[in-house]
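Notes for the one structure printed next.
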Amino acid sequence: MEEDSQNKLRVVVTGMGVVSPVGVGVSSFWEALLRGDCGIRPLRNFDTTGFPYTSGGEIPAEWLKDDPPEIAAADRGTRFMLRAAIEAATQAGLATPPDDPSSFGVVLSTNFGGLFSGEAALRHMVTCRSVERHAFEALGFQTAADQVARALGATGPRVNLSLSCASGTAALGYAMQWLRASRATYVLAGGYDALAPVAWSGLSALRTMTTDRVRPFDRRRNGTIFSEGAGALVLELEASARRRGAPVLAEVVGCGLTNNAFHLTAPDKEGEGLAEAMRAALADAGVQAHDVEHVNAHGTGTRYNDLTETLAIKAVLGRHARDVPVTSIKGSVGHMMGAAGSAEAIASVMSLQTGVLPPTLHYEEPDPDCDLDYVLQPRHVPRLRVVVSNSAGIGGCNAVVVLRRVGL
Amino acid sequence: MKRVLITGLGPVSSVGCGREAFWQGLAAEGCRLPEPGQDHARLCLGSQAPVRLQNFRIGDYLQSEKPYLDPSSAYALAAASLAIQDGRLDPRTLARAGLVLGSAFGSLETLTRFAEGLFTKGPRLVKPVLFPHAYANTAISLVAMEFGIRGYHLHFASGFISGTAALLAAFDAIRQGAVDVALAGGYDAISETLLAGWVACGWTAPSADPAASDPAKVRADGLCPPAEGAGIVMLESREHALARQAPIYGELIEGALTATKPGEASRPLSMAIRDAMRQALRRAGGSPNEVRLLSAASNGMPAVDSAEAEAVEEIFGRSRPPVVRWKQKLGETMAAAGPLHVIAALGRPASASAPHGPVLINSVDPGGAVGTLVLASGGGAI
């Protein structure tokens with residue numbers, strides 16, 4: 006059927022690509038998650054002298070050494086996004102543009118855009134009160150979307166969003182909205198971010214990081230650790246995917262976007278904003294709370310987020326909440342910021358494909374206030390059908406997507 | 214298919230803040246909407262100096278004091294305040310309303326200030342209070358907090374088409390049932406870094422150029438200077454608007470987003486603009502000969518102007534509608550342009566004899582992304 010029971014056009018995932026601190030490429034990424042690898046390492050890409058935090062989820066230089074020149078020349082965050090986008094498009098059979106390239110849209114989303122390169126513009130301004138064109142263009146977020154579109158030969162609608170750490174999930178939801186409105190046939194939806202001195206300095210100043218490990222939902226958790234990378238998913242109308250024989254990996258059935266309207270940096274105390282986003286996503290998907298079988302949590306490892314997210318999950322799923330296994334992959338990959346939601350969606354699709362849930366790392370002491378069923382070892386759920394993936398960000402934004410196994 | 218009405222207007226601009234002041238400011242000095250068959254006379258701002266908001270005080274729009282605001286956030290807050298008041302939306306409804314905004318350069322002034330602290334004093338002496346105000350989505354978050362807007366929430370950082378994309382996203386969200394009413398628009402602020410960037414990109418002359426600041430001199434190239442401001446409108450499903458007896462200014466009928474293949478010359482940009490107008494009209498169920506007014510994206514950048522002129526010729530041929538270039542009065546307001554031009558188009562027509570019919574609003578980003586909106590003004594919309 007082209008439409009679901011709510012008469013909405015069905016949207017599926019036909020390709021995925023990822024650059025993460027535990028591996029480049031979906032296979033490497035997934036295998037690393039299941040092994041329990043941790044991608045937090047001393048930062049080498051910029052001088053951390055004087056910074057309070059000196060370890061993060063940095064992509065090692067040797068993983069990027071084979072990048073072709075046109076990718077290597079791009080801004081660091083754009084470079085990750087290009088790698089992920091090309092992998093996703095290749096899997097989707099869109100490595101060469103479709104017959105009608107204007108049907109191929111691009112939605113990217115990020116916290117800091119091209120700030121890694123754009124910092125040069127800011128340095129120049131501080132010292133010389135002028136900027137160099139290339140560095141200034143990097144500060145404009147749309148540049149990355151332009152470059153990804155060029156690489157893919159896509160001339161459809163092209164935008165960049167910015168919803169802090171809810172960015173990647175929001176890109177998926179907005180891409181789905183485009184497809185339902187028939188504004189594109191294929192959409193590359195992605196999230197990305199790179200670690201750069203200005204961003205790292207600001208993130209350090211927020212006092213949400215830890216010098217310990219990231220321990221989502223653990224009683225001793227005391228912060229997150231920020232990372233870099235990119236995640237890309239090709240979304241397409243199911244009818245189109247079936248017609249051209251594209252791989253159909255999962256269905257994106259619903260999305261909810263909200264704002265806490267509470268505080269720039271702190272979540273609302275009861276998690277109501279995130280709960281509303283979850284409810285909106287489930288309603289959009291036509292899925293009942295008792296049908297949810299797994300939550301891929303935002304789970305940053307901060308005291309406040311993990312508590313309020315637990316409250317939100319309980320508020321939405323009710324008594325069913327304790328039967329739903331919950332995972333956060335941030336113990337493994339750190340907090341990938343704009344890429345977090347994209348990477349977590351990819352992990353959710355892999356869970357639907359394989360029936361395996363990745364573990365939540367570094368969980369050693371239960372917190373009585375975070376008392377859900379956290380996945381601590383890879384767990385087999387052979388008939389997994391419905392996954393909810395949560396994201397939240399600075400400024401109080403929340404984005405939730407609901408993914409479903411295809412063929413149901 | 215749900216119809217989406219425009220039920221509140223919040224312009225913040227150099228010619229006026231608030232609906233009536235904005236319309237009167239545009240009507241002054243020859244910016245009236247053209248008569249049928251009349252092309253809008255080429256005006257020039259008379260100066261290439263950046264167009265800043267004079268005498269703007271955020272306290273005129275908000276009840277609470279803010280210890281710190283990036284100027285872009287201040288303009289967005291002011292425009293939201295104006296749109297909410299104009300649309301007479303009550304707080305309970307606001308709580309579940311949507312909020313979709315966009316900005317080309319966001320909080321660039323605050324980002325520069327924060328970075329300056331890092332570069333000059335080192336990582337341990339940065340000012341933490343600045344960083345949360347330096348995010349691209351800071352302004353939309355502050356608007357949500359200020360007015361308690363918790364529903365559908367999305368922010369665009371898509372260059373000059375950001376505001377147009379925001380309106381279209383809110384439109385689709387309402388059509389698809391995610392929300393009944395939404396504030397949508399764009400905003401941008403002038404900063405030293407932005408001006409330096411415009412000079413580096415060749416979009417404006419260095420400030421040392423005498424012609425840039427002498428109002429008596431008109432530059433031959435007619436480049437519109439950068440301008441700051443914000444435009445936010447209230448979009449609402451027809452059912453919801455009628456039920457609460459909302460003021461109705463017009464209807465957002467449809468829109469389209471297209472793009473070039475980056476790096477190619479102006480011909481592909483003209484094709485992208487042509488395709489955006491064509492798609493938007495097709496989706497709206499209209500045809501070129503019905504269009505009563507075209508709001509141009511042209512801003513004096515040769516690639517944009519020539520591409521748009523070519524696209525207009527291709528779509529309309531001899532039946533070209535009157536074309537208005539509000540940027541020649543407002544300057545290039547970047548992400549705010551699309552929404553401000555929507556508000557301008559909904560102003561009173563120059564004469565009672567002006568025909569009804571759809572209005573096209575074009576937006577073009579120098580990187581090649583294009584957006585077109587199709588409007589109907591209040592009289593014939595409902």
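If you're matching them up, the sequences are chains F and Y in order.
Quick note: the first sequence uses the working numbering, first residue 6, plus one each step.
Quick note: the second sequence uses the working numbering, first residue 214, plus one each step.
From the three backbone atoms N, C-alpha and C, an ideal C-beta is built for every residue, glycine too.
Can you find the residues in the same chain that come closer than 6 Å, C-beta to C-beta, to residue i, ignoring five residues on each side of it along the sequence?
{"i": "Ala125(F)", "result": "Ala140"}
{"i": "Met355(F)", "result": "Trp35"}
Is residue i helix, strand or coil by DSSP?
{"i": "Arg163(F)", "result": "strand"}
{"i": "Ser226(Y)", "result": "strand"}
{"i": "Asp198(F)", "result": "strand"}
{"i": "Ile421(F)", "result": "Since the first residue shown for chain F is 6 and the last is 413, residue 421(F) is missing from the structure and cannot be characterised."}
{"i": "Cys133(F)", "result": "helix"}
{"i": "Gly272(Y)", "result": "helix"}
{"i": "Tyr179(F)", "result": "helix"}
{"i": "His385(F)", "result": "strand"}
{"i": "Glu241(F)", "result": "strand"}
{"i": "Gly22(F)", "result": "strand"}
{"i": "Asn575(Y)", "result": "strand"}
{"i": "Thr471(Y)", "result": "strand"}
{"i": "Glu322(Y)", "result": "helix"}
{"i": "Asn502(Y)", "result": "helix"}
{"i": "Val342(Y)", "result": "helix"}
{"i": "Glu248(Y)", "result": "Unreliable placement is indicated for Glu248(Y), whose pLDDT of 46 sits below 50; no coordinate value is reported for it."}
DSSP has residue i in a bridge; who is on the other side?
{"i": "His5(F)", "result": "Absent from the model: residue 5(F). The displayed extent of chain F is 6 to 413, so no value can be given."}
{"i": "Trp223(F)", "result": "The sequence as given places Asp at residue 223(F); Trp does not occur at that position. Bridge partners of Asp223(F): Pro371(F)."}
{"i": "Ala66(F)", "result": "Answer by DSSP bridge pairing: none, since Ala66(F) is not bridged."}
{"i": "Pro284(Y)", "result": "Bridge partners of Pro284(Y): none, in fact."}
{"i": "Ser294(Y)", "result": "None; Ser294(Y) has no bridge partner."}
{"i": "Met447(Y)", "result": "Gly221(Y) and Leu396(Y)"}
{"i": "Asn310(F)", "result": "Asn310(F) pairs with nothing; no bridge assigned."}
{"i": "Leu465(Y)", "result": "Val217(Y) and Leu588(Y)"}
{"i": "Cys414(Y)", "result": "Paired residue(s): none; Cys414(Y) is not in a bridge."}
{"i": "Ala409(F)", "result": "First, the amino acid is wrong: residue 409(F) is Arg here, not Ala. Answer is Glu256(F) and Val391(F)."}
{"i": "Phe428(F)", "result": "Within the shown structure, residues of chain F are numbered from 6 to 413, placing residue 428(F) beyond reach of any answer."}
{"i": "Arg46(F)", "result": "Gly61(F)"}
Taking 8 Å as the limit between beta carbons, can you name the residues of its chain near residue i, skipping five residues before and five after?
{"i": "Ser206(F)", "result": "Phe56"}
{"i": "Pro239(F)", "result": "What sits at residue 239(F) in the sequence shown is Val, not Pro. Here the set comprises Val18, Thr19, Gly20, Met21, Ala93, Ala94, Gln96, Ala97, Leu99, Tyr191, Val192, Leu193 and Ala194."}
{"i": "Arg46(F)", "result": "Pro26, Ser60, Gly61, Gly62, Glu63 and Pro65"}
{"i": "Asp388(F)", "result": "This sequence places Arg at residue 388(F); Asp is not what is there. Same-chain partners within the cutoff: Gly360."}
{"i": "Asp296(F)", "result": "Arg390 and Val391"}
So that I know if they touch, is there some Cβ in chain F lying closer than 8 Å to that of residue i?
{"i": "Phe344(Y)", "result": "yes"}
{"i": "Cys414(Y)", "result": "yes"}
{"i": "Gly410(Y)", "result": "yes"}
{"i": "Asp283(Y)", "result": "no"}
{"i": "Ser320(Y)", "result": "no"}
{"i": "Val225(Y)", "result": "no"}
{"i": "Met514(Y)", "result": "no"}
{"i": "Tyr348(Y)", "result": "yes"}
{"i": "Val339(Y)", "result": "yes"}
{"i": "His366(Y)", "result": "yes"}
Say whether chain Y places a C-beta atom closer than 8 Å to the C-beta of residue i.
{"i": "Asp104(F)", "result": "no"}
{"i": "Glu124(F)", "result": "yes"}
{"i": "Asp151(F)", "result": "yes"}
{"i": "Glu281(F)", "result": "yes"}
{"i": "Gly323(F)", "result": "no"}
{"i": "Tyr179(F)", "result": "yes"}
{"i": "Arg81(F)", "result": "no"}
{"i": "Thr59(F)", "result": "no"}
{"i": "Leu168(F)", "result": "yes"}
{"i": "Gly250(F)", "result": "no"}
Taking only beta-carbon positions, decide if residue i is within less than 8 Å of chain C.
{"i": "Gln389(Y)", "result": "No chain C is part of this structure, whose protein chains are labelled F and Y."}
In chain order, what residues of the same chain have a beta carbon less than 7 Å from the beta carbon of residue i, not counting five sequence neighbours either side?
{"i": "Arg390(F)", "result": "Glu298, Arg409, Arg410 and Leu413"}
{"i": "Ala156(F)", "result": "Leu87, Ala90 and Ile91"}
{"i": "Ala520(Y)", "result": "Ser479, Leu482, Ser483 and Ile486"}
{"i": "Val228(Y)", "result": "Phe235, Gly238, Leu239, Lys542 and Leu543"}
{"i": "Leu494(Y)", "result": "Ser500, Pro501 and Val587"}
{"i": "Ala293(Y)", "result": "Gly223, Val356, Phe360, Leu396 and Ile445"}
Margin query: Three or more C-beta pairs under 8 Å: does that hold for the stretch 531-541 of chain Y against the stretch 395-402 of chain F?
Written below: No: the two stretches stay apart, fewer than three of their Cβ pairs being nearer than 8 Å.
Note to self: Under 8 Å: do the stretch 387-406 of chain Y and the stretch 499-509 of chain Y share three or more Cβ pairs, one atom per stretch?
What the structure shows: The stretch 387-406 of chain Y, when compared against the stretch 499-509 of chain Y, does not touch it at the 8 Å Cβ threshold.
Next item on the list: Specify whether the stretch 257-275 of chain F and the stretch 368-384 of chain F touch according to this definition: at least 3 beta carbon pairs, one from each stretch, less than 8 Å apart.
Entry: No, because fewer than three Cβ pairs between the stretch 257-275 of chain F and the stretch 368-384 of chain F fall closer than 8 Å, the two stretches do not touch.
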